[in-house]
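Encoded as structure tokens, the structure appears first; notes follow it.
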Amino acid sequence: MTLSPSSISLDELMDDSPQFTLTSEQEAILLAAKGSQTSLMITAMAGCSKSTVLEVIARSLPKVSTCYVVFNKKNQVEAERKFGDRNSKLAHFGDASHVVIKTANGLGHSAWSRAIGKRLTLDTKKVFNLVKETITKENLRSIDRGDFTAIMQLVSKARTAGIVPKSHSTVRGLLPDDWDSWEQLADQLYLDLNEDLLYVARKCLTECIRQSYQGTIDFDDQIYMSALFGGVFDRYAVLLLDESQDLSPINHLQIKRAAAGRLIVVGDPRQAIYAFRGADSSSMDSLRQLRPDWIDLPLSTTFRCPKILVERQQSHAQGFQAHESNPEGMFLDLSSKEWRLPPGQVAILCRNNAPLFAAALRIIKSGSGCTILGSEIGKGLINVSKKIVPQDSTSLADARVLVLEHFEREIQKAIANQKDSKAEILEDRKDCLLAVLDNIKGSTMGDARRALESMFSKDNLRIVLSTGHKAKGLEWPTVVHLDPWRIPSKWAKEALAAGNSVAYNQDMNLRYVIETRAQETLILANLENFQP
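Going by my numbering, 144 is the number at position 142 of the sequence shown; the sequence numbering is gapless.
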């Protein structure tokens, strides 16, 4: 839908304050926000100051009940600081004191408290205690320390995905309470699911729900209980949504119940990369179902990315443009050349974990420190390694044989059962462990596990290694895209050939996310040519 003519002019919407100048796209968005009551769908590309635009809208609209839903607590604190700043460069657009800023957890907390008529107690150790009590009561000696952590992660994932135990048959979950659903979650956590783990996880999930009705919750319960078990939400005349491409179906339920009136949605479908962990791969399209009419508007001028990299993204993000003040930037394709770490702050980003592990170990071996983002990956690999090679004294050569035998067997099983996504995860998990075994200074499996622990405990932010998924929302002066040939993956190509384009599209989005993290320089480089 296009914006119909309005009697409101831009001169009436804004003054000539030198504090902040709107781009033509931002002016059009503000005009639509003030000149109509129709919901807005704003497609904002990477680094296009979408949060600033939402703040301008919030300050400019009539002072009705308004909620700005942000991605996480860090974003909430930052938004509250900006909205409450009387000296803000945006203050001349109006006062923002009427705007409530909440995370999805914050929305759910008050909704669940109202539903059960009790003040809630937030217990961050709730699931830890439930797992401990269940294992003790059931006398499950087969559950070790690594399994303990795995069960806690599974219970968390189950609530995020919307699995409701069969014992609550009157409540409709988003995923069935069956082996396939739980195994899918376990794969995301680099865990090997077995009957004992699933038994304890189900028991804990059921008890977790019971305690939530009594008023004891944790962070996952805030969303899970409010969305699926009848939360009574505050209703807002205007709901502003940021990062809407990353919302999950359970988040959509929250939005549906909190939005009494107009929706103003901002996101970038080209940055939708989290389908593998439960996000709706078409989240923005799904949100369209909540209202009959929308005004669609672009936000395509980036203030982050240098001009040369913006030009490079045109095939995937047509219309993406750099602000005139952006630097020209630098792009280096070193895929076929030997390369070393550039000076200054640098991020090494990759689609897969294994090349990052190998690169990190080479950096550490050379005497430098580095940080890998995502400690749960390290914990998951340590747990898996203990299942395959339980003895710390096992030699690296023998451990390598055991790792290869285990994963070759599991990968073939996944392929035989037509579970290509599981096979891909197993392949990456195998390659991660082999990268550690082949690159560490040491001789035993115990040395390998200690190396894994150290890789995630370094506190060196000059050299950061991360998957593209973990890097989303971050930026660095220099980005090295490691092994760019891994996108699209062979699994994504096979799925596309079979008529399923989701995995392929997610991979193309991931390349866009990786490359648009660079503020100045993007380097394409391969692990095999890396000389720290």
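Glycine residues also receive a C-beta, built at the ideal position from the N, C-alpha and C atoms.
Please go through the same chain and pick out, in chain order, the residues whose beta-carbon is closer than 6 Å to the beta-carbon of residue i, but skip the five residues on each side of it.
i: V202; result: T136 and I153
i: E185; result: L195
i: D400; result: none
i: R272; result: A319, N511 and Y514
i: S8; result: Confidence at S8 is low in this model, with a pLDDT of 36, below 50, so its placement is unreliable and the value that follows should be read with caution. Answer for S8: G37, listed in chain order.
i: A188; result: L195
Hey, how far is the Cα of residue i from the Cα of residue j?
i: G217; j: I211; result: 10 Å
i: H254; j: L398; result: 48 Å
i: A2; j: V101; result: Residue 2 is absent from the model: the chain starts at 3 and stops at 534.
i: C352; j: D222; result: 29 Å
i: A98; j: T23; result: 19 Å
i: M227; j: G269; result: 26 Å
i: E330; j: K309; result: 5 Å
i: G232; j: I257; result: 14 Å
i: V267; j: K388; result: 45 Å
i: N507; j: R121; result: 44 Å
i: T446; j: G376; result: 25 Å
i: P20; j: A93; result: Unreliable positioning characterises P20 in this predicted model, as indicated by a pLDDT of 43, which lies under 50. The coordinate reading is nonetheless provided below. Rounded to whole angstroms, P20 to A93 spans 12 Å at the Cα level.
i: S53; j: A46; result: 10 Å
i: K127; j: Q224; result: 14 Å
i: N131; j: D125; result: 10 Å
i: S395; j: A416; result: 31 Å
i: Q393; j: L383; result: 15 Å
i: L242; j: S327; result: 29 Å
i: E57; j: Q291; result: 25 Å
i: L529; j: S368; result: 15 Å
i: K424; j: Q414; result: 10 Å
i: S90; j: S51; result: 15 Å
i: E140; j: E209; result: 14 Å
Rounded to whole angstroms, how far is the Cβ of residue i from the Cβ of residue j, which I believe are closer than 8 Å?
i: E549; j: T480; result: Outside the displayed span of the chain (3 to 534) sits residue 549, for which this structure offers no information.
i: S285; j: D244; result: Actually they do not touch by this definition, with Cβ atoms about 12 Å apart.
i: T68; j: K381; result: Rounded, the Cβ-Cβ distance is 40 Å, inconsistent with contact.
i: V405; j: K432; result: 7 Å
i: A560; j: R519; result: With the chain covering only 3 through 534, there is no way to say anything about residue 560.
i: R264; j: A239; result: 7 Å
i: L301; j: I103; result: Actually they do not touch by this definition, with Cβ atoms about 20 Å apart.
i: G86; j: S62; result: Contact doesn't hold; Cβ gap of about 17 Å is too wide.
i: L289; j: S246; result: 6 Å
i: D198; j: L142; result: 6 Å
i: S337; j: L476; result: Actually they are not in contact, since the Cβ atoms of S337 and L476 sit about 24 Å apart, beyond 8 Å.
Flag this pair as yes or no: are the beta carbons of residue i and residue j separated by less than 8 Å?
i: L524; j: H483; result: yes
i: A453; j: V438; result: yes
i: V166; j: L109; result: no
i: F278; j: Q190; result: yes
i: V133; j: S158; result: no
i: R293; j: S41; result: yes
i: Q315; j: F305; result: no
i: I59; j: L299; result: no
i: N74; j: T123; result: no
i: A349; j: W478; result: yes
Can you list, in chain order, the residues of its chain whose CB lies under 8 Å from that of residue i, leaving out five sequence neighbours each side?
i: D449; result: L398, I442 and K443
i: Q533; result: E340, W341 and R342
i: T469; result: L351, C352, R353, N354, N355, L358, L375 and G376
i: L193; result: A152, Q155, L156, L199, G382, N385 and V386
For residue i, which residues from the same chain have a beta carbon less than 7 Å from its beta carbon, with the 5 sequence-adjacent residues on both sides left out?
i: A505; result: W493, A494 and A497
i: L177; result: A163, G164, I165 and S183
i: S112; result: D236
i: I390; result: L404, V405 and H408
i: A34; result: L5, L42, I297 and L299
Continuous alpha helix (DSSP H) assignments of at least 4 residues falling wholly in the region 212-294: 221-230, 251-260 and 285-290
Inside the region 124-161 only - beta strand (DSSP E) runs reaching at least 3 residues: none
Give the list of continuous alpha helix (DSSP H) stretches no shorter than 4 residues that lie fully inside the region 372-418. List check, alpha helix (DSSP H) in window: 377-390 and 398-418.
Considering only residues of the region 14-97, which uninterrupted alpha helix (DSSP H) runs meet the minimum length of 4 residues and lie entirely inside it, listed in chain order? 26-37, 52-62 and 75-85
At which residue ranges does the region 422-475 contain complete alpha helix (DSSP H) runs of 4 or more residues, listed in the order of the chain? Listed in chain order, they are 422-441, 447-457 and 470-473.
Can you list the beta strand (DSSP E) stretches of 3 or more residues lying completely in the region 322-374, in chain order? Counting whole runs of 3 or more residues, the region 322-374 contains the beta strand (DSSP E) stretches 332-336 and 348-352.
Quick check on the DSSP output: what are the complete alpha helix (DSSP H) runs of length 4 or more inside the region 291-317, in order along the chain? 309-314
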